[in-house]
Amino acid sequence: MRINPNPTDDLLAALWQTQQDQQTALQQLSSGKRVNQPSDDPAAAAIYSGNVATESRIDQYLQSVASLRALFQSADAALGSVVTALNQAITLGTEAANGDMNPDNLQQILQGVQGVQNQVLQLANTSFRGTYIFAGTATTTVPFALNGGVVTYNGNSGVNHVAIADGRTLEMNQAGDQIFQNASGDVFGSLQALITGLQNGDKTAIASATTAVGEALQRLNVQRTFYGNNLNQLNGDESALQQQNLNLKSQDNTLVGIDLAEAATNLSQAQTAHQATLSAAAQVLQPSLLDYLR
Amino acid sequence: MGGLTSSLMMAVQALIAEQGALSVTSNNIANVNTPGYSREAPTFTDNPPVQMGDLMFGQGVNLKSIDSIRDRLLELRILGETQQQSNAGAQLGFLNQVQGLFSNTSQNIGTDITAFFNSLTQLSTDPTSLPLRQAVLTAASNLAADFHNTVNQLDALTVNLNQNVVQSVNDINRLTSEIAKLNAQVGTLKSLGKDAGVLEDQRNELVNQLAQLTEVHVISTEQGDTITTGNGTALVVGGQSFELQAGTAADGAQHVFALGQDITASLTGGRIGGFLSVRDQAIPDGMKQLDDLAGGLATNFNTAHHGGFDLNGAAGQDFFAPITGTGAARNFALAITDPAAIAASSDGSPGSSGNITNLLAVQTNSLPSGKNPGDAYAALVFTVGDRTAQVKAESTASSLSLQQLQDQRQGVSGVSLDEEATNLIRYQHAFSAAARIITTVDEMTQTVIAMGSPTG
């Protein structure tokens, strides 16, 4: 049986193959990836590209969550200060309605309540990163203005939504008039009534206005829970997003990553194969019959 | 006759025959590394005997012919496998470059699309912020730049492929004219009843090179071989070769013409087939997916953008230049440069982010092509990767089978130095023995001459 008398081509092909295997193993080991280009595993590469997009979205959602948290905290803090101020107004109003007050005392109380009104006005016009947070979506307009003792709302009733997960959005604000000029408890209206009552020295009016401030305070507390609830939800959403991110990363590793031990084994196997081929080549390329004929 | 003279003649014939065989061996050894060379073997025949009385006397040896040892069937199979292998090889080279455009997982069209929509999500947390609006425009122009970059690189590959097609056509023409010359010589020798061994080897080697360039069919006839392309366009008939021409066709690409007829579509095998398949299928396929993605994205986003109001309360204009169909990816561009013109608002007030929800929905809604933008990009990656993986597997498989066929061919036609060394000794010994006969006959003749001498 005649066989191929010149095995050099076969040998070279075998050497190239083992060299290629070595290179592949080395690349996988150094990049930590099994899929370094789409053709290594087209399906995995396609899924991976989707995962990369999702991970990037999650990173953005996490940023949005952080940004919303800061916004909600600042709104919540502002409303907290309003609560304190209103409590002070109620104390002053109750004092004026019940005690025997001389005009000087009433004047002092009036000034106190006017101070509260200004403070609440300022708080209602709170801005965060340059935009008014209680103005609905008209965030570039100062929402509340005091003109001739009457507070007017210049914002709107718009509500913004921010996406914080795929298919999930969170309301970003409440319209300012819902908080400060709600039909079931008007902060500015009741404060104004209290001021008018104090200016007129009308104890009945002062008493009813004080009750109205109390109602407005209750209403405000109800509205305030929006921010508290949302802050809680953000915490939940944040940990869900982080968990999702972890899951995706681990899926990525299964998809395109390589087990380091396996990669190292592959490399040493490829090296062994290459050396074996080299030594086989040395055997095969030994001298021919001509060397023995003298 | 059976006389001394006859023995002398036989010895001389033997010397000549062994010398001839020796020269075959030396030619074999000389060509041990010549590609495509088939070993030659001498054929000895004994001369017809002469009857003398009751006895038949052999009349020595004759070196009848020197033949190349080859398996024509095997050579045809090698031809077929060669064209497949170089086809896959040529495709793989370019497909690797194509998939290189989609290999970067941290910065590509897919991540650009996500980054663009992320910038919108970011804007929804603070719709009046000009820096955030500018970030949206920047992300959109990054996306446009990546579309352009990818398209430009595909264009560059197409230009390169066209050059390769022209080069291949030139190579084919050079080879066919050489083959035609050899064909004529082989035909002449064959008509004289001679083995055209070496010339045939040379021709086969050239045909093999031709098969690397395109699929060829070889039909052996009395007048020499006829070589045609896969679809039957004649390249060589006997001693005549027919040139192919490369020329720019209406679509701007290089097409191949035979006698004025466009045969581009029928050139499937070999390198030229590989170049054409990447140029006319793989790249246009990828380009179409990019166009669908770019056009669909621009159209859907513009529609959503029209539904909103910009920072100044004006109705949303086109965000991207309105593009669809072929060339969409090439012409993908922003239509606005003013960050205030982003229509984020749904009610006309600057602080509203209501329309961003609609803009973001473009990311998850299906494009006209039936997939959402992210999936469309993933599908593109899959198509490119899958095509490359298939060609890679094809290339590996045909390399292996070509290697096996070459092994088989070498088994039949390859020069074995061991064998030649053995033959060398055989012929040398036979030569020595024949020479010895001459010496012996000479001595015997001396004896005969001495018999008649008066002094003897």
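The listed protein sequences derive, respectively, from chains A and B. Once you know that position 115 of the first sequence is 115 in the working numbering, the rest is easy, because the numbers rise by one and skip nothing. So the working numbering is basically just the index in the second sequence, starting at one, shifted up by 294. Even for Gly, the Cβ is constructed at its ideal location relative to N, Cα and C.
Exercise. Which chain A residues sit within Cβ distance under 8 Å of serine 689 of chain B?
Worked result: On the second sequence, position 395 is the one that residue 689 of chain B refers to. Result: empty, since nearest Cβ-Cβ is about 11 Å, beyond 8 Å.
For this session: Label isoleucine 743 of chain B either buried or exposed according to how many other C-beta atoms from any shown protein chain fall within 10 Å of its C-beta, with 16 as the threshold for buried.
Result: Looking up residue 743 of chain B in the second sequence gives position 449. Exposed.
For this session: Entirely within the region 451-514 of chain B and at least 4 residues each: give me those alpha helix (DSSP H) ranges in chain order.
Result: 491-507
Exercise. Expressed to the nearest angstrom, what Euclidean distance is found between the alpha-carbon atoms of alanine 439 of chain B and serine 397 of chain B?
Worked result: What you label residue 439 of chain B is simply residue 145 of the second sequence in a count that begins at 1. What you label residue 397 of chain B is simply residue 103 of the second sequence in a count that begins at 1. The straight-line gap separating the alpha-carbon atoms of alanine 439 of chain B and serine 397 of chain B is approximately 17 Å.
For this session: Report yes if the CB atom of asparagine 4 of chain A is closer than 8 Å to the CB atom of glycine 705 of chain B, and no otherwise.
Result: Residue 4 of chain A sits at position 4 when you count from the first residue of the first sequence. Residue 705 of chain B sits at position 411 when you count from the first residue of the second sequence. Closer than 8 Å, so yes.
Exercise. Comparing the C-beta of asparagine 412 of chain B with each C-beta of chain A, is any distance below 8 Å?
Worked result: Taking the first residue of the second sequence as position 1, residue 412 of chain B is located at position 118. It does; some Cβ of chain A falls within 8 Å.
Problem set entry | C-beta neighbour in chain A for glycine 314 of chain B, strict 8 Å | Position 20 of the second sequence holds residue 314 of chain B. Closer than 8 Å: no.
Exercise. Excluding five sequence neighbours on each side, which residues of the same chain lie with their C-beta closer than 8 Å to the C-beta of leucine 123 of chain A?
Worked result: Indexing the first sequence from 1 puts residue 123 of chain A at position 123. If you ignore the 5 residues before and after leucine 123 of chain A, its C-beta comes within less than 8 Å of the C-beta of Ala78, Leu79, Ser81, Val82, Ala85, all in its own chain and listed in chain order.
Exercise. Since valine 656 of chain B sits in a beta bridge, which residues does DSSP pair it with?
Worked result: The residue you call residue 656 of chain B lines up with position 362 of the second sequence. Its beta-bridge partners do not exist; DSSP assigns none.
Exercise. Nearest to leucine 696 of chain B by alpha carbon, out of B:Met304, B:Gln377, B:Gln353, B:Gln345?
Worked result: Position 402 of the second sequence, counting from 1, holds the residue named residue 696 of chain B. That would be B:Gln377, whose Cα lies nearest to the Cα of leucine 696 of chain B.
Exercise. Where does proline 103 of chain A fall in DSSP's three states?
Worked result: The residue given as residue 103 of chain A occupies position 103 in the first sequence. Note: proline 103 of chain A maps to helix in three-state DSSP.
Exercise. Would aspartate 680 of chain B pass as a contact of glycine 50 of chain A if the rule is Cβ separation under 8 Å?
Worked result: Locating residue 680 of chain B in the second sequence gives position 386, counting from the first residue. Locating residue 50 of chain A in the first sequence gives position 50, counting from the first residue. No, the Cβ-Cβ distance between aspartate 680 of chain B and glycine 50 of chain A is not below 8 Å.
For this session: My understanding is that valine 213 of chain A touches alanine 89 of chain A, with C-beta atoms under 8 Å, so please give their C-beta distance in whole angstroms.
Result: Reading the first sequence from its first residue, position 213 is the one you call residue 213 of chain A. Reading the first sequence from its first residue, position 89 is the one you call residue 89 of chain A. Going by Cβ atoms, the distance from valine 213 of chain A to alanine 89 of chain A rounds to 5 Å, so yes, they are a contact pair.
Exercise. Looking at the unbroken alpha helix (DSSP H) that takes in valine 52 of chain A, where does it start and where does it end?
Worked result: For the purposes of this step, residue 52 of chain A is identified with residue 52 of the first sequence, where counting begins at 1. Run containing valine 52 of chain A: 42-98, per the alpha helix (DSSP H) assignment.
For this session: Buried or exposed for leucine 437 of chain B, please, with buried defined as at least 16 other CB atoms from any protein chain shown within 10 angstroms of its CB.
Result: One-based indexing of the second sequence puts residue 437 of chain B at position 143. Around the beta carbon of leucine 437 of chain B, 16 or more other beta carbons lie within 10 angstroms, which makes this residue buried.
For this session: Can you give me the Cβ contacts of asparagine 594 of chain B inside the same chain, cut-off strictly under 7 Å, excluding the 5 residues immediately before and after it?
Result: Position 300 of the second sequence, counting from 1, holds the residue named residue 594 of chain B. Val656, Asn659, Leu661.
Exercise. How is methionine 1 of chain A classed by DSSP in three states: helix, strand or coil?
Worked result: If you number the first sequence from 1, residue 1 of chain A lands on position 1. Note: methionine 1 of chain A maps to coil in three-state DSSP.
Problem set entry | lysine 751 of chain B at chain A interface by Cβ criterion, 8 Å | Outside the displayed range of chain B (295 to 750) lies residue 751 of chain B, so it cannot be described from this structure.
Problem set entry | Same chain, Cβ closer than 8 Å to leucine 68 of chain A, neighbours up to 5 away in sequence not counted | Residue 68 of chain A sits at position 68 when you count from the first residue of the first sequence. If the five residues before and after leucine 68 of chain A are omitted, its C-beta is found closer than 8 Å to the C-beta atoms of Val162, Ile164, Leu170, Met172, Asn230, Leu234, all from its own chain and listed in chain order.
Exercise. Name the chain B residues that come within less than 9 Å of leucine 69 of chain A, Cβ to Cβ?
Worked result: In the first sequence, counting from the first residue as 1, residue 69 of chain A sits at position 69. A quick correction: the sequence has arginine, not leucine, at residue 69 of chain A. Near arginine 69 of chain A there are no residues of chain B at all, since even the closest Cβ is about 11 Å away, more than 9 Å.
For this session: Please work out which residues of its chain come closer than 8 Å, Cβ to Cβ, to arginine 57 of chain A, disregarding the five sequence neighbours upstream and downstream, and give them in chain order.
Result: In the first sequence, counting from the first residue as 1, residue 57 of chain A sits at position 57. Result list for arginine 57 of chain A: Asp166, in chain order.
For this session: Could you give the DSSP three-state label for valine 742 of chain B: helix, strand or coil?
Result: Start at 1 with the first residue of the second sequence, and residue 742 of chain B comes out as number 448. Valine 742 of chain B: helix per DSSP, three-state reduction.
For this session: Taking a Cβ distance cut-off of 8 Å, strictly less, list which residues of the region 168-181 of chain A are near chain B, in chain order.
Result: Thr169, Met172
Exercise. Between the region 171-191 of chain A and the region 102-121 of chain A, are three or more C-beta pairs nearer than 8 Å?
Worked result: yes
Exercise. What are the residues of the region 9-26 of chain A that lie near chain B, defined by any Cβ-Cβ distance shorter than 7 Å?
Worked result: Asp9, Asp10, Ala13
Exercise. According to the neighbour-count rule (16 or more other Cβ atoms, all chains shown, within 10 Å of its Cβ), is histidine 599 of chain B buried or exposed?
Worked result: For the purposes of this step, residue 599 of chain B is taken as the residue at position 305 of the second sequence. Result: buried.
For this session: Please name the residue or residues paired with arginine 168 of chain A in a DSSP beta bridge.
Result: Here residue 168 of chain A is taken as the residue at index 168 of the first sequence, counted from 1. Answer by DSSP bridge pairing, in chain order: A:Ala165.
Exercise. Can you find a C-beta in chain A that's less than 8 Å from the C-beta of glycine 645 of chain B?
Worked result: Sequence index remark: in the second sequence, residue 645 of chain B carries index 351 (1-based). It does; some Cβ of chain A falls within 8 Å.
Exercise. Just the Cα atoms here: how many angstroms apart are tyrosine 331 of chain B and leucine 389 of chain B?
Worked result: Here the question's residue 331 of chain B lines up with position 37 in the second sequence. Here the question's residue 389 of chain B lines up with position 95 in the second sequence. Whole-angstrom Cα-Cα distance: 34 Å.
Problem set entry | Contact residues within the region 55-88 of chain A, judged by C-beta distance below 8 Å to chain B | So the list reads Ser56, Arg57, Asp59, Gln60, Tyr61, Gln63, Ser64, Ser67, Leu68, Leu71, given in the order they occur along the chain.
For this session: Determine, using beta carbons only, whether phenylalanine 595 of chain B comes closer than 8 Å to chain A.
Result: Translated into the one-based positions of the second sequence, residue 595 of chain B becomes position 301. It does not; no Cβ of chain A falls within 8 Å.
Exercise. Would DSSP call glutamine 611 of chain B helix, strand or coil?
Worked result: In the second sequence, residue 611 of chain B corresponds to position 317, counting from 1. The answer is coil: DSSP assigns glutamine 611 of chain B none of H, G, I, E or B.
Exercise. So, is glycine 352 of chain B buried or exposed, given that buried needs 16 or more other C-beta atoms within 10 angstroms?
Worked result: For the purposes of this step, residue 352 of chain B is taken as the residue at position 58 of the second sequence. Counting Cβ neighbours within 10 Å, glycine 352 of chain B comes out exposed, since fewer than 16 surround it.
Problem set entry | Contacts that glutamine 393 of chain B makes with chain A (C-beta to C-beta distance below 8 Å) | In the second sequence, the residue the question calls residue 393 of chain B occupies position 99. Within chain A, the residues near glutamine 393 of chain B are Gln37, Pro38, Ser39.
Problem set entry | Straight-line gap, leucine 570 of chain B to asparagine 454 of chain B (C-alpha atoms, nearest Å) | Within the second sequence, residue 570 of chain B is the residue found at index 276, counting from 1. Within the second sequence, residue 454 of chain B is the residue found at index 160, counting from 1. Cα-Cα distance, rounded: 11 Å.
Exercise. Can you give the beta carbon distance from alanine 637 of chain B to glycine 590 of chain B, rounded, assuming they're within the 8 Å contact cut?
Worked result: On the second sequence, position 343 is the one that residue 637 of chain B refers to. On the second sequence, position 296 is the one that residue 590 of chain B refers to. About 19 Å; that fails the 8 Å criterion.
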